[in-house]
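Residues in the sequence shown are numbered from 0 upward in steps of one, following numbering that gives the first Met the number 0. Don't be surprised by glycine CBs; every beta carbon is placed ideally from N, CA and C. The block underneath contains the structure these notes are about, expressed in structure tokens.
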Amino acid sequence: MTPTPSGQLAAFASALRCDDLPPAVVDKTRELMLDWLGSALAGAGARPAAALEKLAAELGPQTGPSQILRSRAMTSPLFAAAVNAAASHVVEQDDLHNRSVFHPGAVVFPPVMAVAQSLNCSGEDVVAAVVAGYECGIRIGEFLGASHYRVFHTTATAGTLAAAMAVCNLLKLDRETTWHALGCAGTQAAGLWEFLRDAADSKQLHTAKAAMDGITAAYAARHGMTAARRILEGGQGMAAGLSGQGDPAAITDQLGRRWAVLETSFKYHASCRHTHPAADALAGIRRRHHPDPARISRITAYVYQAAADVLGAVEFPRSIHQSKFSMGFVLALIARYGRAGVNEFTEAGLADRELRRLHDSVRMVVDEQIDARYPRHWTARVEVELDDGTVHRHGVESPKGDPDNPLSGAELECKFRALCEFGGAVNAAEIDDLLAQCRQLPEIADFKGALILPGRHAQPAASRPTGASPPCDG
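Written out as structure tokens, the structure reads:
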């Protein structure tokens with residue numbers, strides 16, 4: 000049988016090995032693991048992670064080979080992946096691929112790490128599995144497209160399949176079995192944006208379920224479960240039901256030649272990535288002109304339509320997480336402090352009258368030229384009007400952290416340390432050890448003991464210090 004596009008993607012995922020990867024891809028995977036781990040540890044004390052750990056304690060085994068980062072409890076790969084994936088997506092610092100509008104790290108690393116801790120596999124096996132998950136998930140996100148993203152959270156949907164492909168690679172399943180796993184994952188994929196309007200925790204459930212369902216799909220197929228062969232492009236497949244568009248060629252676009260891992264961006268600000276181009280533009284105005292925040296009367300952000308669609312749902316943020324999806328609140332933080340890191344988003348800030356005034360001064364305007372370049376380019380332009388009528392303008396072509404405007408190695412390490420300190424789940428010596436393990440990832444001989452934190456640790460507090468985030472300018 001001639002493989003369908005879904006089948007070709009499964010064949011790629013099952014066959015990929017570390018020896019197939021260019022050195023730059025391996026190096027980027029080390030950085031991505033470090034970045035993911037920092038995000039997971041930063042979110043360890045959050046309510047969604049705590050809720051899911053209680054679920055794991057109630058429904059899962061009391062011991063196992065895989066570690067829940069927040070408490071260092073050991074459990075099954077399924078439940079460890081769920082809790083760690085939820086924690087990964089809390090502080091909004093996890094990586095992003097622009098064109099697919101997909102956060103791969105939060106749904107690929109947790110299942111790979113949890114399953115790898117249960118197997119006799121090497122760091123090279125882990126690298127190959129991670130890359131397989133990224134490459135497949137990114138192409139599926141591109142395939143599903145903008146019409147899908149308007150209603151569905153791509154990290155939840157494409158993420159379920161990305162997790163499955165990563166785990167299949169780690170288990171070294173053959174093409175046929177991986178193909179069935181893809182179908183098993185696709186039929187479970189879900190995740191809706193409506194949670195934003197209620198300041199709800201569903202976004203963290205999205206990543207938790209994507210990780211769990213990806214593992215479930217891989218193991219179900221391993222044990223003989225069959226599934227649709229055209230789960231992506233079929234007449235009643237994912238594109239037909241969840242998108243209304245979808246170019247099947249995107250599914251297999253330059254597999255093995257174009258490495259989408261290298262296109263993945265690191266997040267600088269601790270907020271929804273759609274806020275970052277405007278945040279960088281406003282930061283540029285602040286550096287150049289030093290406007291007094293008290294004299295700002297209006298901030299206009301010219302954005303693409305998807306930014307308005309997602310961020311427009313939050314008119315008056317009621318929680319820290321919801322404020323990360325408010326263009327008004329993010330730009331208020333930039334106007335006042337010059338950055339919007341993990342420590343700038345606080346409960347006190349939500350009630351701060353001056354931040355609220357600045358929030359209320361912000362408006363978003365969809366710009367046709369900016370919109371035409373999205374999602375390949377995430378750009379924005381900002382105008383700041385002062386109380387005397389002075390207007391300052393600045394635009395950004397690539398937000399900080401994009402591949403053509405990258406974070407340096409020093410900035411990535413600084414970000415990792417800041418996230419670990421914010422989460423409070425690890426001490427200084429453990430931070431150094433985790434940093435070293437991520438750097439040595441391909442050289443790890445047996446992953447069973449890798450990234451396992453010793454003993455049990457006091458559970459991290461739900462709230463953190465409110466001081467400014469440390470600068471990470473490299």
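Self-check item: Length of the line joining the Cα atoms of R196 and I319
Solution: Counting from one through the sequence shown, the residue named residue 196 turns up at place 197. Counting from one through the sequence shown, the residue named residue 319 turns up at place 320. Whole-angstrom Cα-Cα distance: 13 Å.
Quiz prompt | Buried or exposed (CB count within 10 angstroms, at least 16 for buried), P474 | solution = In this structure the chain extends from 0 to 473, so residue 474 is not present and cannot be described.
Quiz item: Applying the criterion that 16 or more other CB atoms from any shown protein chain within 10 Å of the CB defines a buried residue, is L191 buried or exposed?
Solution: On the sequence shown, residue 191 is found 192 positions in, with the first residue counted as 1. With fewer than 16 other beta carbons inside 10 angstroms of its own, L191 counts as exposed.
Exercise. Within the same chain, show all residues whose beta-carbon is closer than 7 Å to that of E30, passing over the 5 residues directly before and after it, in chain order.
Key: Looking up residue 30 in the sequence shown gives position 31. Correct list, in chain order: L411.
Quiz item: To the nearest whole angstrom, what separates the beta carbons of A496 and A155, a pair I think is in contact under 8 Å?
Solution: As shown, the chain starts at 0 and ends at 473. That puts residue 496 outside it, with no answer to give.
Exercise. Could you work out which residue in I214, R297 and L8 is closest to F142 when comparing CA atoms only?
Key: Position 143 of the sequence shown, counted from the start, is the residue given in the question as residue 142. Nearest option by C-alpha distance: L8.
Quiz item: A105 and S117 look like a contact to me (Cβ under 8 Å); what is the Cβ gap, rounded to whole Å?
Solution: Start at 1 with the first residue of the sequence shown, and residue 105 comes out as number 106. Start at 1 with the first residue of the sequence shown, and residue 117 comes out as number 118. No, A105 and S117 are not in contact; Cβ-Cβ is about 20 Å, not under 8 Å.
Quiz item: From L51, Y303 and R392, pick the residue whose C-alpha is nearest to that of L77; which is it?
Solution: Counting from 1 along the sequence shown, the entry for residue 77 is found at position 78. It is L51 whose Cα lies nearest to the Cα of L77.
Quiz item: Where do the ends of the beta strand (DSSP E) carrying T299 lie?
Solution: The residue you call residue 299 lines up with position 300 of the sequence shown. Start and end: I295 to V302.
Exercise. Classify G243 as buried or exposed, calling it buried when 16 or more other Cβ atoms lie within 10 Å of its own Cβ.
Key: To locate residue 243, count along the sequence shown from 1; it is residue 244. Burial call: exposed.
Practice problem: Can you check the stretch 231-259 for any alpha helix (DSSP H) of at least 4 residues that lies completely inside it and give the ranges in chain order? | Solution: Taken in chain order, the complete alpha helix (DSSP H) segments of 4 residues or longer contained in the stretch 231-259 are 237-241.
Practice problem: Count the CB pairs spanning the stretch 158-174 and the stretch 124-139 that are closer than 8 Å, and state whether there are at least three. | Solution: yes
Quiz item: How would you call T389, buried or exposed, if buried means at least 16 neighbouring beta carbons within 10 angstroms?
Solution: Counted from its first residue, the sequence shown places residue 389 at position 390. Answer is exposed; the Cβ neighbour count stays below 16.
Quiz item: What residue ranges within the stretch 332-381 form continuous beta strand (DSSP E) runs of no fewer than 3 residues, ordered along the chain?
Solution: 361-365
Self-check item: Cross-strand partners of Q187 (DSSP beta bridge)
Solution: Here residue 187 refers to the residue found at position 188 when the sequence shown is read from its first residue. When DSSP reads this structure, Q187 sits in no beta bridge, so it has no partner.
Exercise. Report, in whole angstroms, the separation of the C-beta atoms of T206 and A85, which I expect to be a contact under 8 Å.
Key: As a position in the sequence shown, residue 206 is number 207, starting the count at 1. As a position in the sequence shown, residue 85 is number 86, starting the count at 1. So it is a contact: roughly 6 Å between Cβ atoms.
Practice problem: Taking all protein chains shown into account, decide if D279 is buried (16 or more other Cβ within 10 angstroms of its Cβ) or exposed. | Solution: As a first step, residue 279 must be located in the sequence shown, where it is residue number 280. Classification for D279: buried.
Quiz prompt | Spatial distance of Q368 from R69 (CA atoms) | solution = Translated into positions along the sequence shown, residue 368 becomes position 369. Translated into positions along the sequence shown, residue 69 becomes position 70. Distance between the alpha carbons of Q368 and R69: 44 Å.
Quiz prompt | Buried or exposed (CB count within 10 angstroms, at least 16 for buried), T74 | solution = Stepping through the sequence shown from its first residue, residue 74 is reached at position 75. T74 should be labelled buried.
Quiz item: Alpha carbon to alpha carbon, what distance is there between A157 and Q439?
Solution: Your numbering for residue 439 matches position 440 in the sequence shown. Your numbering for residue 157 matches position 158 in the sequence shown. Going from the Cα of Q439 to the Cα of A157 covers about 29 Å.
Quiz prompt | Per DSSP, the bridge partner or partners of H88 | solution = The residue labelled residue 88 in the question sits at position 89 within the sequence shown. DSSP lists no partner for H88.
Quiz item: Cα-Cα, which of R229, A180, G42 and A198 is closest to G223?
Solution: Here residue 223 corresponds to residue number 224 of the sequence shown, with the count starting at 1. Among R229, A180, G42 and A198, the Cα nearest to that of G223 is on A180.
Practice problem: Alpha carbon to alpha carbon, how far is I298 from A277? Give it in angstroms, no decimals. | Solution: Sequence index remark: in the sequence shown, residue 277 carries index 278 (1-based). Sequence index remark: in the sequence shown, residue 298 carries index 299 (1-based). Their Cα atoms are separated by approximately 10 Å.
Quiz item: Roughly how many whole angstroms lie between the Cα atoms of S430 and A41?
Solution: Reading the sequence shown from its first residue, position 431 is the one you call residue 430. Reading the sequence shown from its first residue, position 42 is the one you call residue 41. Correcting the residue type first, residue 430 is Ile in the shown sequence and not Ser. Using only the alpha carbons, I get a separation of about 12 Å.
Exercise. Drop a sphere of 10 angstroms on the beta-carbon of T465, count the other beta-carbons inside from all chains shown, and report buried for 16 or more, exposed for fewer.
Key: In the sequence shown, the residue the question calls residue 465 occupies position 466. With a pLDDT of 42 at T465, under the threshold of 50, the predicted position of this residue should be treated as unreliable, though the coordinate-derived value follows. T465 comes out exposed.
Self-check item: Residue environment, T153, which counts as buried when at least 16 other CB atoms sit within 10 Å
Solution: Residue 153 sits at position 154 when you count from the first residue of the sequence shown. It counts as buried.
Practice problem: Just the C-alpha distance for V150 and V309, rounded to the nearest angstrom, thanks. | Solution: For the purposes of this step, residue 150 is identified with residue 151 of the sequence shown, where counting begins at 1. For the purposes of this step, residue 309 is identified with residue 310 of the sequence shown, where counting begins at 1. Near 9 Å, if we compare the C-alpha coordinates of V309 and V150.
Quiz prompt | P47 versus G337 - alpha carbon distance | solution = What you label residue 47 is simply residue 48 of the sequence shown in a count that begins at 1. What you label residue 337 is simply residue 338 of the sequence shown in a count that begins at 1. Between P47 and G337, the C-alpha separation is close to 29 Å.
Exercise. For R375, collect the residues of the same chain with a Cβ closer than 6 Å to its Cβ; drop the 5 residues on either side in sequence, then sort them by chain order.
Key: Within the sequence shown, residue 375 is the residue found at index 376, counting from 1. Contacts found: R98.
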